[in-house]
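Numbering (my numbering), first residue to last: 94 to 223.
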């Protein structure tokens, strides 16, 4: 996956969108890259490898969707839920929990849980407060 090196690409989004590229829709993958020439060449080689292995792209895409989640506990969403809980509002935590109970199922209205943190969120450092 050298094509990802040195690029600011969200891996969770990349692998989920890669399944759609296998189905013939490269738009989602392209949206993650500033220039598409390198990723297009990589996608062409990847799809060719699938063909040489005897795998159909749609069956590979379905298998990828089963193991690559749409929703993960992204730091900025976890922090939002924690901040709200400290303030006495558990609803953001409950909503996050509902989202993460079915991480592979696309659902309307949950797009904010599928994207990386805004750049101004900064680097997130976790700690154990036990």
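For every residue, glycine included, the Cβ atom is placed at its ideal position computed from N, Cα and C.
Enumerate in chain order the residues of its own chain whose CB-to-CB distance from residue i is below 6 Å, with the five nearest sequence positions on each side excluded.
{"i": "residue 103", "result": "209"}
{"i": "residue 173", "result": "185"}
{"i": "residue 260", "result": "Summary: the structure shown does not reach residue 260, with the chain confined to residues 94 through 223, and so no result is reported for it."}
{"i": "residue 158", "result": "112"}
Considering only C-alpha positions, which residue in the set the options is nearest to residue i?
{"i": "residue 118", "options": "195, 175, 146, 140", "result": "140"}
{"i": "residue 170", "options": "99, 101, 127, 206", "result": "206"}
{"i": "residue 100", "options": "120, 112, 124, 116", "result": "124"}
{"i": "residue 134", "options": "94, 194, 188", "result": "94"}
{"i": "residue 161", "options": "128, 142, 113", "result": "113"}
{"i": "residue 213", "options": "194, 168, 181, 190", "result": "168"}
{"i": "residue 111", "options": "145, 203, 132, 182", "result": "132"}
CB-CB under 7 Å to residue i, same chain, minus the five flanking residues each way: which ones, in chain order?
{"i": "residue 163", "result": "109, 196, 197, 199, 207"}
What separation, rounded to the nearest whole angstrom, lies between the Cα atoms of residue i and residue j?
{"i": "residue 223", "j": "residue 175", "result": "Here the model assigns residue 223 a pLDDT of 40, short of 50, so the residue's position is not dependable, and the following value carries that caveat. Computed Cα separation, rounded: 15 Å."}
{"i": "residue 120", "j": "residue 156", "result": "20 Å"}
{"i": "residue 165", "j": "residue 148", "result": "28 Å"}
{"i": "residue 190", "j": "residue 122", "result": "27 Å"}
{"i": "residue 146", "j": "residue 96", "result": "21 Å"}
Short of 8 Å in beta carbon distance, which residues of its chain neighbour residue i, apart from the five on each side in sequence? Order them along the chain.
{"i": "residue 126", "result": "100, 102, 132"}
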